[in-house]
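K.L.:
I'd like to ask you about the structure that follows.
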Amino acid sequence: MLTKTQYEEILYRRDFRRSDGRGWLGRDETITSAVVAVRDGAGQEHADMVANVAVHDGVSVVFLLRGGRSGGVYTVSVRVTTDKGQKFEDMLTLTVSGGGA
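What follows is the structure, given as structure tokens:
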């Protein structure tokens with residue numbers, strides 16, 4: 028679960044391989060592309076809430092989350108494609124509290 032205020036713009040990192048070598052990726056597998064989407068409870072996408080999506084070191088995705096409605100609960104979808112042709116999707120819950128817009 029992720030939590031931020033309306034005002035905050037925070038970089039998040041989602042790892043697809045853990046430091047112990049376990050996780051979704053094989054030992055010699057890397058992420059080649061990533062897409063991050065934010066949707067509200069009605070399924071409406073909020074493209075303005077995510078920016079600067081980048082693959083980091085071939086094993087994680089870094090992205091900036093910003094804005095949102097105070098009291099809003101959103102689903103953050105992190106989709107990746109690997110050099111082995113695999114596709115993975117991780118879903119996170121984002122809660123936005125007050126703190127200015």
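The sequence shown begins at 28 in our numbering and counts up by one.
The beta carbon of each residue, even a glycine, is placed where N, CA and C say it ideally should be.
Source: prediction; values computed, not measured.
Quick check: what's the CA-CA separation for G94 versus R44?
P.N.:
Walking along the sequence shown from the start, residue 94 turns up at place 67. Walking along the sequence shown from the start, residue 44 turns up at place 17. For G94 and R44, the distance between alpha carbons rounds to 29 angstroms.
K.L.:
Should V107 and L119 be called a contact, given that it needs their Cβ atoms to be closer than 7 angstroms?
P.N.:
Against the sequence shown, residue 107 aligns to sequence position 80. Against the sequence shown, residue 119 aligns to sequence position 92. No.
K.L.:
What are the partner residues of E116, as DSSP defines its beta bridges?
P.N.:
Position 89 of the sequence shown, counting from 1, holds the residue named residue 116. Answer is R106, bridged to E116.
K.L.:
Report yes if the C-beta distance between V88 and M76 is below 7 angstroms; otherwise report no.
P.N.:
Indexing the sequence shown from 1 puts residue 88 at position 61. Indexing the sequence shown from 1 puts residue 76 at position 49. For V88 and M76, no; Cβs fall outside 7 angstroms.
K.L.:
Since S97 contacts T30 with CB under 8 angstroms, what's their CB separation in whole angstroms?
P.N.:
Here residue 97 refers to the residue found at position 70 of the sequence shown. Here residue 30 refers to the residue found at position 3 of the sequence shown. Not confirmed; about 12 angstroms, so no contact.
K.L.:
Among residues of its own chain, excluding the 5 on either side of K111, which ones have a beta-carbon nearer than 8 angstroms to its beta-carbon?
P.N.:
Within the sequence shown, numbered from 1, the residue matching residue 111 stands at position 84. Once the five neighbours on either side are set aside, the close Cβ partners of K111 are G53, E56.
K.L.:
Looking only at its chain, what residues have a beta carbon closer than 6 angstroms to the beta carbon of G85, apart from the 5 residues adjacent to it on each side?
P.N.:
For the purposes of this step, residue 85 is taken as residue 58 along the sequence shown, with counting starting at 1. Result list for G85: T57, I58, in chain order.
K.L.:
Report yes if the CB atom of R41 is closer than 7 angstroms to the CB atom of V105, and no otherwise.
P.N.:
Counting from one through the sequence shown, the residue named residue 41 turns up at place 14. Counting from one through the sequence shown, the residue named residue 105 turns up at place 78. Result yes, Cβ atoms of R41 and V105 sit closer than 7 angstroms.
K.L.:
Nearest by alpha-carbon distance to G70: which of G99, L92, A61 is it?
P.N.:
Translated into positions along the sequence shown, residue 70 becomes position 43. Checking every option, the nearest Cα to that of G70 belongs to G99.
K.L.:
Can you give me the Cβ contacts of E72 inside the same chain, cut-off strictly under 8 angstroms, excluding the 5 residues immediately before and after it?
P.N.:
Taking the sequence shown and counting its residues from 1, the one referred to as residue 72 is at position 45. A64, V65, R66, listed in sequence order.
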